[in-house]
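Undergrad: Structure provided below as structure tokens; questions to follow.
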Amino acid sequence: MTFDRIRSFLTEHAPATPCLVVDTDTVAARVRELAERFPGARLCYAVKANPEPAVVRTVLAAGAGFDVAGRAEIELCLAEGARPESLSYGNTIKKPADIAFAHARGVREFVTDAEDDLHRLARFAPGAQVCVRLLVDGPASVTPFGRKFGCAPQLAVDLLRRAAELGLDPAGVSFHVGSQQLDLSAWDNGIAAAAKVFAELASHGVRLRRLNLGGGFGVPYTGPAPSLAEYAEAVHRSLRSHFPAGLPELVLEPGRAAVAEAGLIRTEVVLVSRRSAGDEHRWVYLDIGRYNGLAETENEAIAYQFEPVTHRTGEDGPVIIAGPTCDGDDVLYQHTPYRLPLELRTGDRLDILNAGAYTASYSSVSFNGIEPLRTYCLADGKPLDE
Ligand SMILES: *Cc1c(COP(=O)(O)O)cnc(C)c1O
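One point on numbering: in this note's numbering, the residue at position 266 of the sequence shown is 388, and numbering is uninterrupted.
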């Protein structure tokens, strides 16, 4: 359905490639499904996954709030009509001026993981609600955060107590299991660690109320991903076991799960070549690469699914897929096995499926003079004018 609508648009309008087309009806359906699977939880769409204004509007209309990373994302959401109380400033890395800006615009919910940042929150966002992000061990995701964010549970306890002393509102804890997390058990570590922090704070007379479960739900690329029903079931099972006396207020920050499957990228083959005459592998160079939309192919982390649009009969053979720029790292897949038709030619079109998340937003401004990935948004199958 989604891709039928997108392909009709592409056939009818034939926009220049590469381009991303997002079906906002699918975004709305995904947000509604998330809300149904997690009744009572507050949804904050992670804007960085796809900050197209039409996507933000769709998410807003579907009843969700927003996880924002900085000033520009706050301005975007407010400009589209979001209430400032529906925004969570989830980035732990913020300049004092960004905190002050957010506070001045009415944002009241912040995530932190460092004492220094906590002091700045007390100063520039006095009285704000604070969640402390936990660094949780667990199964690696496809695109892991490593140790960049979060703090040890004991430090989280100290920070939340300190927050209260500083006149902030110690609301709760957050964690993020890593994006495209395909292991259903991953949330259990975070929920268990969070429950311990809740208990420890209670023994100090501080009652936490909020648990922010972050994002991380995966979508199918060349391989399958659990369904939202399976994710919800695993998360609820952990919640019941670690919070037997009753659930805290839940926040979810889906990014990928809200928008990836709503988008398709159409790309064109620029060149097909072989390194030597007898080389079994052909190199296929596309008009999209690492720097104009496919940043998540770094380390071949995300293995996108390609579908030839131009019909070619006959066999296929192994290919290495690369981007169009003069950069040695702009090779998309040389270890992940891909096969494309032997008849593939310059000018043939390919579709990249489930490409609505972390593509256009990662696109560089003009590396090699290539413009950022263009996005077209559809509603009811028709293009929306921005
Ligand atoms: C990126 C991000 C998300 C979204 O993660 P997904 O894996 O895309 O769902 C949620 N919360 C925070 C704090 C993030 O940085």
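For glycine and all other residues, C-beta sits at the position ideal for the given N, C-alpha and C.
Kindly indicate which three-state DSSP category Q456 falls into: helix, strand or coil?
TA: As a working note, residue 456 is residue 334 in the sequence shown. DSSP places Q456 in strand when its eight states are reduced to three.
Undergrad: Rounded to a whole number of angstroms, what is the C-alpha to C-alpha distance between I128 and L408?
TA: Walking along the sequence shown from the start, residue 128 turns up at place 6. Walking along the sequence shown from the start, residue 408 turns up at place 286. Spanning the two alpha carbons is a distance of roughly 20 Å.
Undergrad: Could you check if P440 belongs to the surroundings of ligand 1, using beta carbon to heavy atom distance under 7 Å?
TA: Mapped onto the sequence shown, residue 440 falls at position 318. Not so, every heavy atom of ligand 1 lies at least 7 Å from the Cβ.
Undergrad: Are the beta-carbon atoms of L281 and C273 separated by less than 8 Å?
TA: In the sequence shown, the residue the question calls residue 281 occupies position 159. In the sequence shown, the residue the question calls residue 273 occupies position 151. Closer than 8 Å, so yes.
Undergrad: By DSSP, does Q527 sit in helix, in strand, or in coil?
TA: Nothing about residue 527 can be reported from this structure: the residues present for the chain run from 123 to 508 only.
Undergrad: As an exercise, report each continuous beta strand (DSSP E) stretch of at least 3 residues that is fully enclosed by the stretch 220-291, in chain order.
TA: Listed in chain order, the complete beta strand (DSSP E) runs (minimum 3 residues) inside the stretch 220-291 are 231-234 and 251-255.
Undergrad: Going by C-alpha to C-alpha distance, which of V431, A204 and P173 sits closest to A183?
TA: The sequence position of residue 183 within the sequence shown is 61, counting from 1. Of V431, A204 and P173, the residue nearest in Cα terms is A204.
Undergrad: Name the DSSP beta bridge partners of S296, please?
TA: The residue labelled residue 296 in the question sits at position 174 within the sequence shown. DSSP, once it has assigned bridges, lists R255 and N334 as partnering S296.
Undergrad: Suppose contacts are defined by Cβ-Cβ distances below 8 Å. Is L256 in contact with A315 by that definition?
TA: The residue given as residue 256 occupies position 134 in the sequence shown. The residue given as residue 315 occupies position 193 in the sequence shown. Result yes, Cβ atoms of L256 and A315 sit closer than 8 Å.
Undergrad: Could you tell me the alpha carbon to alpha carbon distance between V279 and V252, rounded to whole angstroms?
TA: The count along the sequence shown starts at 1 and reaches residue 279 at position 157. The count along the sequence shown starts at 1 and reaches residue 252 at position 130. Approximately 12 Å, taken between the alpha carbons.
Undergrad: Keeping to the same chain, check which residues put their C-beta closer than 7 Å to that of C199; ignore five residues upstream and five downstream.
TA: Your numbering for residue 199 matches position 77 in the sequence shown. These residues qualify, in order along the chain: V169, V178, F188, V190 and L209.
Undergrad: I need the boundaries of the alpha helix (DSSP H) containing I196, first residue and last residue.
TA: Start at 1 with the first residue of the sequence shown, and residue 196 comes out as number 74. Element bounds for I196: R193 to A201.
Undergrad: Please classify Q303 as buried or exposed, where buried requires at least 16 neighbouring CB atoms within 10 angstroms.
TA: Mapped onto the sequence shown, residue 303 falls at position 181. Buried, by the Cβ-count rule.
Undergrad: Is the stretch 466-479 touching the stretch 413-432, taking contact as three or more C-beta pairs under 8 Å?
TA: Flag = yes, the stretch 466-479 and the stretch 413-432 touch.
Undergrad: Taking C-beta to C-beta, are D510 and D502 nearer than 8 Å?
TA: What is shown of the chain runs 123 to 508, which leaves residue 510 out entirely.
Undergrad: Within the same chain, show all residues whose beta-carbon is closer than 7 Å to that of P248, passing over the 5 residues directly before and after it, in chain order.
TA: Taking the sequence shown and counting its residues from 1, the one referred to as residue 248 is at position 126. Only G289 meet the Cβ criterion.
Undergrad: From this set, E493, V406, S485 and T214, which residue's C-alpha is nearest Y455's C-alpha?
TA: Counted from its first residue, the sequence shown places residue 455 at position 333. When each option's Cα is compared against that of Y455, the closest is V406.
Undergrad: Let me have the residue list for ligand 1: C-beta closer than 6 Å to any non-hydrogen atom, ordered along the chain.
TA: Residues flagged by the Cβ proximity filter: A168, K170, A171, D189, G212, H298, S301, G336, G337, G338, F339, E375, P376, G377, R378 and A379.
Undergrad: According to the neighbour-count rule (16 or more other Cβ atoms, all chains shown, within 10 Å of its Cβ), is N421 buried or exposed?
TA: Working through the sequence shown from its first residue, we reach residue 421 at position 299. With fewer than 16 other Cβ atoms within 10 Å, it is exposed.
Undergrad: Once DSSP output is grouped into helix, strand and coil, what is the label at D438?
TA: Your numbering for residue 438 matches position 316 in the sequence shown. Strand at D438.
Undergrad: Taking 8 Å as the threshold (C-beta atoms), are L335 and V319 in contact?
TA: Along the sequence shown, read from residue 1 onward, the residue named residue 319 stands at position 197. Along the sequence shown, read from residue 1 onward, the residue named residue 335 stands at position 213. Contact flag unset, no.
Undergrad: Can you give me the C-alpha to C-alpha distance between R331 and V233, rounded to a whole angstrom?
TA: Here residue 331 corresponds to residue number 209 of the sequence shown, with the count starting at 1. Here residue 233 corresponds to residue number 111 of the sequence shown, with the count starting at 1. In a straight line, the C-alpha of R331 is about 14 Å away from that of V233.
Undergrad: Less than 8 Å separating the beta-carbons of Q440 and R461?
TA: On the sequence shown, residue 440 is found 318 positions in, with the first residue counted as 1. On the sequence shown, residue 461 is found 339 positions in, with the first residue counted as 1. First, the amino acid is wrong: residue 440 is Pro here, not Gln. Yes.
Undergrad: Just reading off the alpha helix (DSSP H) that Y211 is part of, what are its end residues?
TA: Within the sequence shown, the letter at position 89 stands for residue 211. Element bounds for Y211: not the alpha helix (DSSP H) but the beta strand (DSSP E), L209 to Y211.
Undergrad: Check whether the Cβ atoms of L374 and A151 sit closer than 8 Å, and answer yes or no.
TA: The count along the sequence shown starts at 1 and reaches residue 374 at position 252. The count along the sequence shown starts at 1 and reaches residue 151 at position 29. Contact flag unset, no.
Undergrad: Return the bridge partner residues of I474 from the DSSP annotation.
TA: Taking the first residue of the sequence shown as position 1, residue 474 is located at position 352. Answer by DSSP bridge pairing, in chain order: I387 and F428.
Undergrad: With distance defined between alpha-carbon atoms, name the residue in P463, E418, A425 and L132 nearest to E437.
TA: As a working mapping, residue 437 is identified with position 315 in the sequence shown. Nearest C-alpha to E437: P463.
Undergrad: Could you check if G370 is buried or exposed, using at least 16 other CB atoms within 10 Å of its CB as the buried criterion?
TA: Counted from its first residue, the sequence shown places residue 370 at position 248. According to the sequence shown, residue 370 is Pro rather than Gly. Buried, by the Cβ-count rule.
Undergrad: In three-state DSSP terms, what is L361?
TA: Along the sequence shown, read from residue 1 onward, the residue named residue 361 stands at position 239. Of the three classes helix, strand and coil, the one that applies to L361 here is helix, per DSSP.
Undergrad: In the DSSP output, what is Q303 paired with across the bridge?
TA: Here residue 303 is taken as the residue at index 181 of the sequence shown, counted from 1. F339, per the DSSP bridge assignment.
Undergrad: Which whole-angstrom value is the C-beta distance of I96 and P140, which I expect to be below 8 Å?
TA: As shown, the chain starts at 123 and ends at 508. That puts residue 96 outside it, with no answer to give.
Undergrad: If you count every other CB in all the chains shown that lies within 10 Å of the CB of A138, and 16 or more means buried, which is it?
TA: Translated into positions along the sequence shown, residue 138 becomes position 16. A138 is exposed by the Cβ-count criterion.
Undergrad: Considering only the alpha carbon of each residue, which of P505, R245 and S483 lies closest to V381?
TA: In the sequence shown, the residue the question calls residue 381 occupies position 259. With distances taken between Cα atoms, V381 lies closest to S483.
Undergrad: In chain order, what residues of the same chain lie with their CB nearer than 7 Å to the CB of Y343, ignoring the 5 residues before and after it?
TA: Start at 1 with the first residue of the sequence shown, and residue 343 comes out as number 221. So the qualifying residues of the chain are I424, A425, Y426, Q427 and N476.
Undergrad: If you run the structure through DSSP and keep just helix, strand and coil, what is F160?
TA: Against the sequence shown, residue 160 aligns to sequence position 38. DSSP places F160 in coil when its eight states are reduced to three.
Undergrad: Nearest to A244 by CA position, among H225, P261, R434 and G260, is which residue?
TA: Counting from one through the sequence shown, the residue named residue 244 turns up at place 122. Considering only alpha carbons, the answer is H225.
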